Amino acid sequence: MRSIRLGLAFATTAALLSAPASADERLQSSFTALVGKGFEVKSVTLIPLEVAKRVTEKVRTDNVIVTLQKQDSVAVCYVAFANWAFMNKASLDSSTLCEVRSSSTEESAAPPPPPPAPTAEAPPPAAPPAEPAAPSSEPAPAAAPPSPPPASGTNP
16 MRSIRLGLAF ATTAALLSAP ASADERLQSS FTALVGKGFE VKSVTLIPLE
66 VAKRVTEKVR TDNVIVTLQK QDSVAVCYVA FANWAFMNKA SLDSSTLCEV
116 RSSSTEESAA PPPPPPAPTA EAPPPAAPPA EPAAPSSEPA PAAAPPSPPP
166 ASGTNP
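All residue numbers for the sequence shown refer to the numbering used here, where the first residue is 16 and numbers rise by one.
1. Check the C-beta distance from E114 over to V91 and give it rounded, since I have them as a contact under 8 Å.
2. Please classify V59 as buried or exposed, where buried requires at least 16 neighbouring CB atoms within 10 angstroms.
3. Can we count K104 as close to the ligand SAM, meaning its CB is less than 7 Å from some heavy atom?
4. Just to confirm before moving on: does the CB-CB distance between F201 and D77 stay below 8 Å?
5. Using a 10 Å radius around the Cβ and a threshold of 16 neighbouring Cβ atoms, would you call F54 buried or exposed?
6. Can you list, in chain order, the residues of its chain whose CB lies under 7 Å from that of L64, leaving out five sequence neighbours each side?
7. Could you check if S44 is buried or exposed, using at least 16 other CB atoms within 10 Å of its CB as the buried criterion?
8. Measure the alpha-carbon distance for S106 versus A48 and round it to whole angstroms.
9. Note down, in chain order, each residue of its chain lying with its Cβ closer than 6 Å to the Cβ of W99, except the 5 sequence neighbours on either side.
10. Looking only at its chain, what residues have a beta carbon closer than 8 Å to the beta carbon of A125, apart from the 5 residues adjacent to it on each side?
11. What is the DSSP secondary structure of R69, reduced to helix, strand or coil?
12. Opposite N78 in the DSSP bridges: which residues?
13. What three-state label does DSSP hand S109 in the structure shown?
14. I need the boundaries of the alpha helix (DSSP H) containing G53, first residue and last residue.
15. Shortest alpha-carbon distance to L83 belongs to which of V50, S118 and L42?
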C-alpha cells in the first residue's frame with residue numbers, strides 16, 4: 016500500500032514537472048537559493064528505485080522529492096537520495112535542481128467571480144413568516160353536532 020502511494024506521488028510530481036508551462040510561469044533554481052529566498056520545506060517524499068523506474072529507466076538510485084513554498088509560489092526539487100541524505104552541497108547548489116511555479120499576478124489581482132445566477136430548477140427563496148392573524152370580533156362558527164352511533168344489529 017505504501018509503495019502505491021509513493022508511486023502515485025512520484026507519478027503526479029513527474030507529470031507536473033513535465034507539463035508545459037510558459038517561461039513566465041516556470042523557473043529553475045537551486046535548493047540552496049530557494050531556502051535563501053525564504054522558501055519553506057513543506058514535504059519530503061522518498062521514491063524507491065523500483066517505483067522511480069516505472070516513470071523512467073534512466074534512474075539509478077532512490078530519489079527524494081522536496082516540495083517548498085513561499086506565499087503563492089511552489090517549488091519541487093528532485094534529488095538523488097544520497098545527495099539529500101548527506102546534504103551534498105554541489106547537488107543542492109545546482110541551478111536546475113528545482114522547478115518553481117507561481118500564480119500569475121493577474122489572477123491574484125482579479126476580483127472574485129460573481130455568484131451564479133439562479134436557475135429555473137432552483138427553488139424560490141423562502142417567504143418570510145406570516146404575521147399572526149388579528150383576533151376577530153366575530154365568534155367562531157359552531158362545530159357540527161356529532162352523528163349518532165349506528166343502531167345495534169344493523170350493518171353500517
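Ideal placement from N, C-alpha and C gives every residue a C-beta, glycine not left out. As the structure is a prediction and not an experimental result, all values here were calculated from the model.
In terms of the structure at hand:
1. As a position in the sequence shown, residue 114 is number 99, starting the count at 1. As a position in the sequence shown, residue 91 is number 76, starting the count at 1. Sure, about 5 Å apart at Cβ, within 8 Å.
2. Within the sequence shown, residue 59 is the residue found at index 44, counting from 1. V59 should be labelled exposed.
3. The model depicted lacks the ligand SAM and carries no ligand whatsoever.
4. Residue 201 falls outside the range modelled here, since the chain spans only 16 to 171, and no answer is possible.
5. In the sequence shown, the residue the question calls residue 54 occupies position 39. Buried, by the Cβ-count rule.
6. Numbered from its first residue, the sequence shown carries residue 64 at position 49. Excluding positions up to five away in sequence, the list reads V74, T76 and D77.
7. The residue labelled residue 44 in the question sits at position 29 within the sequence shown. It is buried - the Cβ of S44 has at least 16 other Cβ atoms within 10 Å.
8. Counting from one through the sequence shown, the residue named residue 106 turns up at place 91. Counting from one through the sequence shown, the residue named residue 48 turns up at place 33. Distance between the alpha carbons of S106 and A48: 12 Å.
9. By 1-based counting over the sequence shown, the position of residue 99 is 84. Only V79 meet the Cβ criterion.
10. Residue numbering aside, residue 125 sits at position 110 when the sequence shown is read from its first letter. Note that A125 has pLDDT 47, beneath the 50 cutoff, so the model's placement of it is unreliable and the number below is only indicative. Once the five neighbours on either side are set aside, A125 has no close Cβ partner at all.
11. For this step, residue 69 is matched to residue 54 along the sequence shown. Three-state result, R69: helix.
12. The residue labelled residue 78 in the question sits at position 63 within the sequence shown. Bridge partners of N78: I62 and A95.
13. Here residue 109 refers to the residue found at position 94 when the sequence shown is read from its first residue. It is coil, neither helix nor strand.
14. Numbered from its first residue, the sequence shown carries residue 53 at position 38. Per DSSP, G53 belongs to no alpha helix (DSSP H) and is neither H nor E.
15. Counting from 1 along the sequence shown, the entry for residue 83 is found at position 68. For the residues V50, S118 and L42, the minimum Cα distance to L83 belongs to V50.
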